[in-house]
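Under the working numbering, the first residue of the sequence shown is numbered 1460, with each subsequent residue one higher.
For each residue, glycine too, the CB sits at the ideal point set by N, CA and C.
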Amino acid sequence: MYSLGHQLATSVLVVGTGGSGLRAAIEVAEAGVAVIAVGKRGADGARTVPVSGSDNAAPVTADPARTWEQHAADTLQESCLLADPRTVLVVTRNAAQGIHDLERYGMRFDGRGDGWIAQRYFGANSYRRTAFADEHTGSEVQRVLRERADRLAIPVLSNMYVTRLLVDDGTVFGAYGFDLVDGSRYLVHADAVILATGGHTRIWRRTSSRRDQNMGDSFRLAVEAGARLRDPELVQFHPSGLISPESAAGTLVSEAARGEGGFLLNNLGERFMTRYDPERMELSSRDRVALASYTEIKEGRGSQAGGVWLDLSHLPRDTVLTRLPQVHQTLWDLQMLDVTCDPIEVAPTADCSMGGVWVRPEDHSTDVDGLFAIGEAASGLHGANRLEGNSLIEQLVYGQIAGRAATEYSAKLTGQQRSLGAIRAAEAEVNRLLTADGDQNVRALQRSVRHLMTEHAGVVRDEAGLAAGLDGLDEIETRMVDVGVHIDISGFQDLAHAFDLRSSVLAARATLECALERRETRGCHNRSDHPDLDPDLNVNLVWSPDTGVRRERVAPIPTDIAELMHDGSA
C-alpha cells in the first residue's frame, strides 16, 4: 500500500502550480526542455485564484511620466528600504513584458477605449499603474496560464504532496512525496527544482489563505535542503479581511473597494484615517491602514465583533455594481449584505509573506545548487511593506527568469546527481509518520500554532510576547513527538497535516526569532516597545536553524532611483 508507485525523471521540476509555478513551467516548455509541475491540489485551487488585485506595470500607459523608474522608487519607498534594489529593478524593468506575455497567452485586460490598458489607483502608488481584468484578475491569470500549459502539454500532477527535496552534496536532484488520495509514493528525479509553494500566512488565526495552504511548506523544504530564509518576520496584514461567517473569515475585500472611494469608519462613525494619514486617508499603504484599524479596535472604537467598517454606501449604486461587482456579489453570497446600503465589517488579516527563501536577485537561485524559489516562497522584492499590485507581476517576471535559469542550469550539467541514501531517508521519514500512533492530535497542534502566532506575533509585537511565543513553541514541539496519524477513507490528508505542522513550527520559529531581533518599528513590523525606526537595522535578517539570525546589508539604491523617492532617501 505504501510502496513506491511512481518514478519520474525530468530536466526541471516545478513544485507548486499557482501563477509563479505555471509561468516558470511555461518558460521551460517553450524552450523545448522537459518539465513537470506538481501541486498538492488542482491548479485551479492555487493561491493566485482568490487574488482580486491586479498587476503593476508602469510602461503600459501612454503617459511618459509613468515610468518603470518611478515604479521602482515607489516599491523601494514602501519597502522601508529593506527591499533588495537589484530585485526591484529586475521586476519593474520587466513588468510590462510580463503583462504583454499574458496578453500573448490570451488574457484580456480592461481597456480605456483608446487602445491602452485601463489602470487603477492602488494605495501608495504614485499614480494609476495597476492593470486589471474586472475584479477577477487572479483567477484570469490562473486560467490563462493553465490554458497555455495545457497547449504546451506540460504534465501537471495534482494531489502530490512533496515531503522532501532530494539533495546530495549541496546539489538538488529531485523530490520525494506521496499521493494525497491513495498514498502511493512519488520519486521525481530532476536536474533543477523550482520551489513555488507560497508563504506562511496560514500560521495565523485570521488569514486570506485557503485551508491547508501557505503553511510554510516552502520554508521547511528549502531549509531542510540547505537553504536559508530572509526576513520571515515581515508579514503583511491586509486591512480588510472579513470577520464572518467563520467559514469565510479572512476572505479579502479587494483593495479596489478603497481605490474606488470606500471609507473606513470606526464604531463612532469617524473616518479614523484622519488620525493616521490625513493626506492619503484610505489610500494609504497597507501597513498604515492595518495598524490604524488594529489601533482603533484595540482602543475600544471597533465593532462589537472586533472589527471596523468599510463603507461603500455613499458611492453611486451603479459605480459599485460596475466597478466592484465581485465585492457586491461576495458579500451578498456570504452574508446577504447589500454593500450599496450597508457597511462591511472587516479586520486586519495575515495576507502576504514578504520574507521567504534567500535568493539571488539575478535569477532567484538559492544556496543549494539547482534549487530556485519564486513567488511568495522567495524574498527580496517587498521588504517591510508590499506595494499594492506588485505580487502578481512578481510571479510573472521571476517565473519567466527562474524558468529560463533552470533550463540553462540543466543544459550545462555534465552528469546527473543521485543519492540512494537521500531517497531512503525521505522514504523512512514518511514511513515513521504513517506508523505514528501517539495521543496528540495533529490538527489541534496546528490550531495551537495559529493561536500562538496571533497572540504573540500579530500586527503589534513586543519583547515579552515574542519570548512567550518561543516558549510556547518549545512546548508544541515537545508534544509533536507524540502525534498520531490516522489514514481513513478520505485519503492521506492526516499525513499531509503532520508535515504541514512541521512546516508551520519551523516557519513560526524563524518568524519569532527574527521579530525578536528586529527591535524597531518599520513598515509592517510594529514593536510597541521599540516604536521608532532604527537606522542600524536597515538590514535583512537571514535565518537558518544552524546559525540562527544573522544580519545582511541591503544593496545600495541607484542614485537616479533614490531621487524619485518621496523623501529622497537612499
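Just reading off the beta strand (DSSP E) that residue i is part of, what are its end residues?
i: V1767; result: 1767-1770
i: G1700; result: 1694-1701
i: T1808; result: 1803-1812
Residue range of the alpha helix (DSSP H) that residue i falls in?
i: N1849; result: 1849-1871
i: A1484; result: 1478-1489
i: T1781; result: 1776-1782
i: L1796; result: Element bounds for L1796: n/a, residue is neither H nor E.
i: Q1536; result: 1527-1537
i: Y1753; result: 1745-1757
i: E1886; result: 1879-1893
i: D2019; result: 2018-2021
i: N1553; result: 1544-1564
i: Q1952; result: 1952-1976
i: A1715; result: 1715-1718
Is residue i buried or exposed, if buried means 16 or more other CB atoms sit within 10 Å of its CB?
i: G1572; result: Only weak support is given to the placement of G1572: the predicted model assigns it a pLDDT of 46, under 50, and the value that follows is read from those uncertain coordinates. Under this definition G1572 is an exposed residue.
i: T1476; result: buried
i: R1579; result: Note on R1579: pLDDT 49, under 50, position unreliable in the model; no value is reported.
i: D2019; result: exposed
i: K1757; result: exposed
i: E1821; result: exposed
i: G1815; result: buried
i: G1629; result: exposed
i: A1531; result: buried
i: K1871; result: exposed
i: P1784; result: exposed
i: S1949; result: exposed
i: H2025; result: exposed
i: M1795; result: exposed
i: G1512; result: Unreliable positioning characterises G1512 in this predicted model, as indicated by a pLDDT of 46, which lies under 50. A coordinate reading is not provided.
i: D1941; result: exposed
i: E1599; result: buried
i: S1470; result: buried
i: D2015; result: Inspection of the sequence shows that residue 2015 is occupied by Pro rather than by Asp. Under this definition P2015 is an exposed residue.
i: L1472; result: buried
i: L1879; result: exposed
i: W1527; result: buried
i: N1890; result: exposed
i: E1705; result: exposed
i: L1711; result: buried
i: R1610; result: exposed
i: V1640; result: exposed
i: N1515; result: At N1515, the pLDDT of 46 sits below 50, so the modelled position is not reliable; the number obtained from the coordinates is stated separately. Answer is buried; the Cβ neighbour count reaches 16.
i: L1412; result: Any question about residue 1412 goes unanswered here, given that the chain covers just 1460 to 2029.
Per DSSP, which residues does residue i bridge with? Please list them.
i: W2002; result: L1688, V2008
i: V1647; result: L1467, A1634
i: Q1905; result: None; Q1905 has no bridge partner.
i: L1724; result: W1768
i: T1710; result: Answer is none; T1710 lacks a bridge partner.
i: S1824; result: F1831
i: V1497; result: V1474, L1616
i: D1896; result: G1943
i: R1986; result: R1920
Mind reading off the beta-carbon distance from residue i to residue j? Whole number of angstroms is fine, and I expect it under 8 Å.
i: A1967; j: I1662; result: 6 Å
i: R1961; j: Q1899; result: Rounded, the Cβ-Cβ distance is 13 Å, inconsistent with contact.
i: V1615; j: G1565; result: V1615 to G1565, Cβ: 18 Å. No contact.
i: V1964; j: V1908; result: 6 Å
i: H1697; j: S1668; result: Not quite, the Cβ-Cβ distance comes to about 11 Å (not below 8 Å), so this is no contact.
i: L1992; j: E1976; result: With 8 Å as the limit, L1992 and E1976 do not qualify as a contact, their Cβ atoms being about 15 Å apart.
i: V1621; j: V1474; result: 5 Å
i: G1658; j: C1800; result: Not a contact, Cβ separation roughly 36 Å.
i: R1623; j: E1888; result: 7 Å
i: L1911; j: G1931; result: 5 Å
Suppose the cutoff is 6 Å on Cβ atoms and the five residues either side in sequence are ignored; what does the same chain contact list for residue i look like?
i: S1703; result: none
i: F1722; result: R1730, D1770
i: R1863; result: E1486
i: R1782; result: E1719
i: S1987; result: V1919, D1921
i: G1464; result: S1643, R1644
i: S1479; result: A1655, I1833, G1834, Q1854, G1858
i: R1717; result: E1741
i: A1490; result: T1866
Just to confirm my understanding: we take residue i, look at its own chain, exclude 5 residues before and 5 after, and list those with CB closer than 8 Å. What are they?
i: L1467; result: I1495, Y1645, L1646, V1647, H1648
i: G2007; result: E1972
i: P1518; result: Confidence in P1518 is poor, its pLDDT being 45 and thus under 50, which makes the residue's placement unreliable; the coordinate value appears in the next sentence. R1525, T1526, W1527, A1554, A1555.
Which same chain residues, not among the five before or five after residue i, have their C-beta less than 7 Å away from its C-beta?
i: Y1753; result: P1807, V1918, V1919
i: R1906; result: none
i: C1539; result: G1842, A1843, N1844, R1981, G1982
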